[in-house]
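These notes concern the structure reproduced below.
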Amino acid sequence: MPLSEHEQRLFEQIERSLAEDPKFASAVRASDPRFHARRRLLLAAVVIIAGLALVVFGTVNKTPLLGVAGFVIMLGAAAFAMQSHRKAQQPDLHVVGGTASRRTRVRRSGLIDRLEERWRQRPEGHR
Numbered sequence: 001m002p003l004s005e006h007e008q009r010l011f012e013q014i015e016r017s018l019a020e021d022p023k024f025a026s027a028v029r030a031s032d033p034r035f036h037a038r039r040r041l042l043l044a045a046v047v048i049i050a051g052l053a054l055v056v057f058g059t060v061n062k063t064p065l066l067g068v069a070g071f072v073i074m075l076g077a078a079a080f081a082m083q084s085h086r087k088a089q090q091p092d093l094h095v096v097g098g099t100a101s102r103r104t105r106v107r108r109s110g111l112i113d114r115l116e117e118r119w120r121q122r123p124e125g126h127r
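Note that full-length UniProt numbering numbers the sequence shown so that position 103 is 103, with each residue one more than the last.
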């Protein structure tokens, strides 16, 4: 349903007043999950670079334990980055006055689906 001219003017006035309010803008940004995901990805990138520096430093100083520690740090930061990226891709569910459920079935390959279908349709005597 389209807005009337009066409603459109009111809407634009409210939009301008909200855009000019820095406190409101920071509150909206703080509640945005994409903002937090970007920050976590940036942190993970910094930790990966620090881990790489440890690997190089351990190699130059011929300290294998330091190099291994750097690699483990890089691996952990990469896992953290992947997890943050996955969380950023998931839609947020905000329920107001109702219930909602997420789809819990994991999408599988066609091979697994075909094998399960064959298993369900097998003759009764072969159990």
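Where a beta carbon is used, it is the ideal one built from N, C-alpha and C, also for glycine. Keep in mind it's a predicted model, so treat the numbers as computed, not measured.
Determine the closest residue to V47 out of I73, R16, H36, V68, with distance taken between C-alpha atoms.
Cα-wise, what sits closest to V47 is I73.
Excluding sequence positions up to five away, which residues of its chain have a Cβ less than 8 Å from the Cβ of R40?
Correct list, in chain order: F80, A81, S84.
Would the beta-carbon of F71 fall within 7 Å of that of V56?
Taking 7 Å as the Cβ cut-off, F71 and V56 do not qualify as a contacting pair.
In whole angstroms, what separates the C-alpha of A77 from that of L65?
Taking the straight line joining both Cα atoms gives about 18 Å.
From E116 to P123, what distance separates their C-alpha atoms?
Roughly 14 Å between the two C-alpha positions.
Express the C-alpha separation of T59 and R38 in angstroms, rounding to a whole number.
Taking the straight line from one Cα to the other gives about 32 Å.
Would you decide whether A44 is buried or exposed? Buried here means 16 or more other CB atoms lie within 10 Å of its CB.
When all chains shown are included, A44 counts as buried.
So, L18 versus F11, is the Cβ gap smaller than 7 Å?
Against a cut-off of 7 Å, the Cβ pair of F11 and L18 comes out as no contact.
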